[in-house]
Structures are given as structure tokens and as C-alpha cells.
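A quick write-up on the structure given underneath.
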Amino acid sequence: MACEKWELVVPVLSKASVNVVENFCHLVVDSFCRERAISPDKFLSIWSLEELWLVRKALTDIMRKAVGKGWSRETIGKELGSLDGSFKKVICDVISVHEQALRLKLVHDTTAVSHAVLADFDWKLKLAMASDKLASLQEPLLQVDFNIREASGESKKVFLELDKLELRKLISSLEGCSKSVQQLTTNAT
1 MACEKWELVV PVLSKASVNV VENFCHLVVD SFCRERAISP DKFLSIWSLE ELWLVRKALT
61 DIMRKAVGKG WSRETIGKEL GSLDGSFKKV ICDVISVHEQ ALRLKLVHDT TAVSHAVLAD
121 FDWKLKLAMA SDKLASLQEP LLQVDFNIRE ASGESKKVFL ELDKLELRKL ISSLEGCSKS
181 VQQLTTNAT
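Numbering (the UniProt record's numbering), first residue to last: 1 to 189.
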């Protein structure tokens, strides 16, 4: 069940010793979580620069998938395909040791999609009066003022006027967002 892309990495990864692969895996995690570049100097005696980046990309991908999808060691082992068992164990151990940091980075990357944040809001209930002909028609309207803070620190105001149906839709959308955030924070811990 291993992907073909990973099978291309197996012979390249097998050029190195288990200790070198373990050190490289820790550097890959550090590079991914802290957004730092890996210095290739230590590994150029084993791999070419192209091979080094191929291995780094494959390890980053497998770590992201393993943590993001909550894979067991067994599933990770299957994904690593024909790789030697000692290398599989090292990769599984590194993922296990750094699982929390990897998960936090994935959650951070997911939440960073939108850089705008709701800073404050205010609401008022208004009663819309109809024209003289329809004086008996009175519709409650909710005016909601959102104060949104951009990533740059600027504040932006958004004003909405909602009838009952629009308010229900807004509430159900916000409840869905709240559930998603709760799931992300629950999975991150």
C-alpha cells in the first residue's frame, strides 16, 4: 500500500546508516516545525543535493500524513513500503517523539489560512416599520457590528442587518465554526 513516490526514496535513504537517518529525521522535524532550512553540509558525503531534498520532502510528507491522519505505527510501516525494518522503527520513533510539536504546527498552519480575527462585536434589535399601506407589517431586524482585526493590526468594521432567516443561517454557520475549532483544539492536545 506504499505510494510509488516513497518507493523511489527507499534506495536513496538506504545509502545512509540508521544513525544518520535518525539525525536527519530529527532535523526534518525541526525544519518543519520551526520553518528553518536544513544545512546540507553534513549529508553531502552520503547523498547528492537532489537526493537530500528528495528524502527531506518524502520524510516531511510522511510525517504530516501520519500525524494529521492519526496513523498507528503499523500504518506508518505499511506506508514506508519496502524500507528496512530498522529504518521504519527510527522513523516511527521520531514521529512518536515529536508528535505533539508536529500536530501543533499542522493546526497552526491550518488556522493561519485566514489572518483576520474577530476582535469584538455589538448588536441592536430594531423593529422595521412598513409604509402607511402596510402599517401592520412589523419585522424585527438585528443589526450586528463586527470589529475585525487584520494581521497587520488594522481594525475593520463590518455591519450586517439580518432578518430572522438570515440570523438563523448566521448562527448555524458560527456553531459549525465553533465545533470545528473545538475538534482542532481537542485533537491538538
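For every residue, glycine included, the Cβ atom is placed at its ideal position computed from N, Cα and C.
All values reported here derive from a predicted model rather than from experimental measurement.
Open item on the list: By the three-class DSSP mapping on this structure, what secondary structure does A58 have?
Closed with: helix
Open item on the list: Do V55 and V90 have their beta-carbon atoms positioned less than 8 Å apart in this structure?
Closed with: no
TODO: Helix, strand or coil for S173, going by three-state DSSP, please let me know.
DONE: helix
Open item on the list: Taking a contact to mean a Cβ-Cβ separation below 8 Å, would you say W6 touches A58 in this structure?
Closed with: yes
Open item on the list: According to DSSP, is K69 part of a helix, a strand, or is it coil?
Closed with: coil
Task: DSSP-derived helix/strand/coil call for K126 - done: strand
Task: Spatially closest choice to L127 from I148, D163, D109, H108, by CA coordinates - done: D163
Open item on the list: Short of 8 Å in beta carbon distance, which residues of its chain neighbour K88, apart from the five on each side in sequence? Order them along the chain.
Closed with: I76, G77, L80
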